[in-house]
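Working notes, beginning with the structure itself.
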Amino acid sequence: MNETPLVVASNVVLEYHDGSRDVRALDGIDLAIQRGEFVGLVGPSGSGKSSLLFVLAGLRPPTSGRVAVMGEDLPAYADASAGMRRRRIGFLFQEPFLVPYLSVRENALTHAPGDAAEGRVEALAQAIGMTSMLDERPHRLSGGERQRASLLRALANNPDLILADEPTASLDQQTGHAVMDVLRTHTKDAGLLVVTHDRGMIEDANRVLFLRDGRLKHE
Ligand SMILES: Nc1ncnc2c1ncn2[C@@H]1O[C@H](COP(=O)(O)OP(=O)(O)OP(=O)(O)O)[C@@H](O)[C@H]1O
Ligand SMILES: [Mg+2]
């Protein structure tokens, strides 16, 4: 039986028009991720990795081409897909965004109300050494702790698709592997796409994609 992929990108082009500079960040991307898949994404700085994650999540509509999440085309305006995104997609930004006046726990639960999410956040915090930080405000945390706090938020809703942009970049090897273990365990029935410069973190990926100048090569 052929399952509908979690996310499909078809001939996706993304251009930024930034004053005098025009950048084609993504140049004809075709990609499908199935449930249960763990996919690594590597490529030089500026090759379009973060841009690809934004487009797959519906945070940026492509200039041309299509993106479908769980069989449904994403709308042309990012705001129109906000509800779906919060339910289905866990997004880990390259630079963690946390609300400064909320605790780590409150940040994690912003879009994930209910006892189930609270229990999940507690269990995740335990697994990545963040239990004692749950009631702290973000400005009192280190960079790596903030990154792990945003992991709690990304997974609080039990998303179907997780898009993680360098989730271990500010972490030591041991903590980095703990974060990857959490992502992997959580992703058994979901899909996981991890951008990283550290090949050790995606050693057991089902496949690794290589991006260069906005074009994808399958390794
Ligand atoms: N908001 C933006 N406006 C204009 N150009 C942008 C914008 N965001 C990214 N770019 C350009 O698009 C290209 C791809 O950027 P992107 O952030 O996707 O790369 P990346 O592979 O994630 O790089 P890194 O490994 O450094 O995070 C780069 O040339 C970058 O300068
Ligand atoms: Mg990036």
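First residue of the sequence shown: 0, per numbering that gives the first Met the number 0; consecutive thereafter. Here a beta-carbon is modelled for each residue, glycine too, at the ideal position from N, C-alpha and C. As the structure is a prediction and not an experimental result, all values here were calculated from the model.
Contact check for L162 against L13 fails: the beta carbons are separated by 8 Å or more. Here DSSP, grouped into helix, strand and coil, assigns F53 to helix. In the three-state scheme derived from DSSP, where H, G and I count as helix and E and B as strand, D29 is classed as strand. The DSSP-derived three-state label of R65 is strand. Pairing H185 with L154 gives a Cβ-Cβ distance under 8 Å. For I28, the CB contacts under 6 Å within the same chain, skipping 5 residues up- and downstream, are A8, V11, L215 in chain order.
In this structure, Y100 has its CB at a distance of at least 7 Å from all heavy atoms of ligand 1. Counting only the Cα atoms, L108 lies some 25 Å from F37. The C-beta distance from S169 to G142 rounds to 4 Å, short enough to meet the 8 Å contact threshold. Contact between the segment 112–123 and the segment 75–89 is not established, with fewer than three Cβ pairs separated by less than 8 Å. For A126, the enclosing alpha helix (DSSP H) stretches over residues 114–126. A straight line joining the alpha-carbon of A115 with that of N106 spans about 16 Å. Beta bridge pairing from DSSP links A204 with no other residue. For the pair S149 and L97, the CB atoms are nearer than the 8 Å cut-off. Not one heavy atom of ligand 1 lies closer than 7 Å to the C-beta of Q146. Contact between P4 and Q33 is confirmed by a C-beta separation of about 5 Å, below the 8 Å threshold. E71 is bridged by DSSP to V68. Residue range 142–154 is occupied by the alpha helix (DSSP H) that includes S149, with no beta strand (DSSP E) assigned at that position. R23 is bridged by DSSP to E14. Inter-residue distance for A177 and T62 is about 37 Å (C-alpha atoms, whole angstroms).
In this structure S46 is buried. Its beta-carbon is surrounded by 16 or more other beta-carbon atoms within 10 angstroms.
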